[in-house]
Amino acid sequence: MDPSLIAALSSLITAIGGTVAGILVTRSKVRIDDAAIVQRKLDEAKADLERERQARAADLDRARNQHKTELDELRARHDADIKWHEGRVATLQEQLDARDRQITRLDRWVLAGRAYIARLTRSVIDLGGTPPPRPTDLD
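And the structure:
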């Protein structure tokens with residue numbers, strides 16, 4: 004087999020591998036950014052939930068001192084608000100867990116791609132060819 008053909012094939016394989024790795028890394032970074040946004044929203048939702056619980060406690064104390072009839076209304080209103088905030092926290096937590104699963108899957112793809120490129124490079128060397136230099140994006 005012609006050495007220049009082997010060199011051309013190894014260059015093509017490395018270029019394709021670099022492109023695929025670049026795409027996967029970019030997608031992984033976008034997923035990580037999305038996860039950070041969802042994490043921030045989750046933290047805000049938890050803070051809102053805590054503020055609502057504190058407001059409920061303060062309103063209940065005030066109602067106990069004022070009128071007993073207001074107590075049931077306040078309790079029902081705050082229970083509804085707390086239930087809404089708990090639902091929001093649960094939804095955001097599910098979104099964050101889904102993002103984590105996607106990031107894990109992309110990381111497995113990147114590792115598998117790197118292992119495959121390493122095997123292809125080893126095959127080129129075993130056939131007597133010289134693989135092209137490794138792109139810095141793969142490190």
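The numbering of the sequence shown is our numbering, which starts it at 4 and goes up by one.
Glycine residues also receive a C-beta, built at the ideal position from the N, C-alpha and C atoms.
Model, not experiment: these values are computed from the prediction.
Item	Value
Alpha-carbon spacing of A83 relative to K44, whole angstroms	20 Å
Straight-line gap, R67 to E89 (C-alpha atoms, nearest Å)	26 Å
Distance, A11 Cα to D46 Cα	52 Å
For G21, three-class secondary structure by DSSP	helix
Stretch pair the segment 112-132 + the segment 85-99: three plus CB contacts closer than 8 Å	no
Cβ-based neighbour list, G25, same chain, cut-off 6 Å, excluding 5 preceding and 5 following	D140
Test item: CB-CB of R117 and A38 under 8 Å	no
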